[in-house]
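Okay, structure first, notes after.
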Amino acid sequence: MSALTSPEARSESHPVESDQAGSEPGAGTPTVSTVELGDVQIHRVIEYSDTTPMTTDVFFPDSKPEEWQRHAELLAPHHWDPETDLTRAATQSWVLRSEGKIILIDTGAGNGKYRPLQPIWSYLSTDYLANLAAVGIRPEDVDIVVNTHLHDDHVGWNTRLEGRDWVPTFPNATYLMPHRDFEYWKPENLHNTVFGRGNQNVYEDSIDPIIAAGLVKTWDESYTIDDNLRLELTPGHTPGASIVHLESAGDRAIFAGDLLHGAIQVHEPHINSCFEEDEDGARASRARMFAYAADNSTLVLPAHLPGHGAFELRRKGSGFQLTDWAPFSLT
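Residue numbers are given in this note's numbering: position 297 of the sequence shown equals residue 837, and the series is strictly consecutive.
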């Protein structure tokens, strides 16, 4: 198990040995917004966490009702409502303090953005910046922003509205963007993408202002942030979909972006969400990274998991089993 530590006290791991990992962590596990792995402090900053308008067959179209029922103990109530069949999801940033710098991973959907085909993200007004302030971080404190990919719900707080202009929310940061997505999601290319119409206006309000400010750095294949953190491509969800590896003082984590969208995918990794550009590629990247995480006692921190937000897993037969939730507060 990775060593999960809150700033106040060391928190114990609570592996679940039954066939299912329950929807609560082990007895006595504290709930916090911050943990430490090695020399890296990790803050969970929530933008949104709620029931989605999507039933399981819409959000995860290749899943089967019996799969949800089989894992009901794991999924209900924080990830799925069995009575309505509606799914739950979050948008969240993982904010790291590493080697004297502040690194913010994924910036959510943003406030005031017009998303004509994504009404759930259109014209939001959330307390995201206040939630960031609650863990002691001002926008000007952020040194690096990582967009794991360039979908609308991962780049929204790249910018904020100032008068009539979109300006960088984090004016002192370098914004790291995967080169493949940087090209793929340009407005002139949207007609060639699966999800393109859903990503309308994203470049104009959340990418172009960062380019104009000279704050973008693109990368390909891999990129080293510091001695604790590196980026790696995990293509499938998008061509440039990526994760952040953390390795520090023997502890490991992967900040998984949209490698998965729901807890059911841990036990049923063949299941895709409805948002994959390359379905086979998404499955292959998920299987590869789950195998790495299971074999290396690695905490997995996705962008959209509600509840405790992060987990550990192990191999079980030819698949995987979620064994432990992180001690982050329930959402």
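From the three backbone atoms N, C-alpha and C, an ideal C-beta is built for every residue, glycine too.
A check of alpha carbon separations from Gly578 across Ala789, Arg655 and Pro679 identifies Ala789 as the nearest.
Every beta strand (DSSP E) of 3 residues or more that sits fully in the region 586 to 666 is shown, in chain order, as 626 to 638 and 641 to 645. In the same chain as Asp818, and ignoring 5 residues on each side of it, the C-beta atoms closer than 6 Å to its own belong to Gly776, in chain order. The beta carbon of Tyr832 sits closer than 8 Å to the beta carbons of Ile794 and Thr838 from its chain, once the five residues preceding and following it are set aside; these are given in chain order. Val585 is positioned such that its CB atom lies closer than 8 Å to that of Leu672. Of the candidates Ala674, His611 and Ser782, Ser782 places its Cα closest to the Cα of Arg826. Leaving aside the five residues that flank Asp646 on each side, the residues in its chain whose CB is nearer than 6 Å to its CB run, in chain order, Ser633, Thr688, His694 and Ala843. Put simply, the region 654 to 664 does not touch the region 605 to 622. Fewer than three CB pairs are less than 8 Å apart. The beta-carbon distance between Phe860 and Val784, rounded to whole angstroms, is 20 Å. This is too long to meet the 8 Å contact definition. Put simply, the backbone Cα of Leu845 is about 15 Å away from that of Met594. Between Met717 and Thr774, the C-beta spacing is not below 8 Å. Taking C-beta separations shorter than 6 Å and ignoring five residues to either side along the sequence, the partners of Asn836 in its chain run Arg792, following chain order. Taking C-beta separations shorter than 8 Å and ignoring five residues to either side along the sequence, the partners of Asp705 in its chain run Pro749, following chain order. Taken atom to atom, the span from the alpha-carbon of Asn812 to that of Asp602 is near 7 Å.
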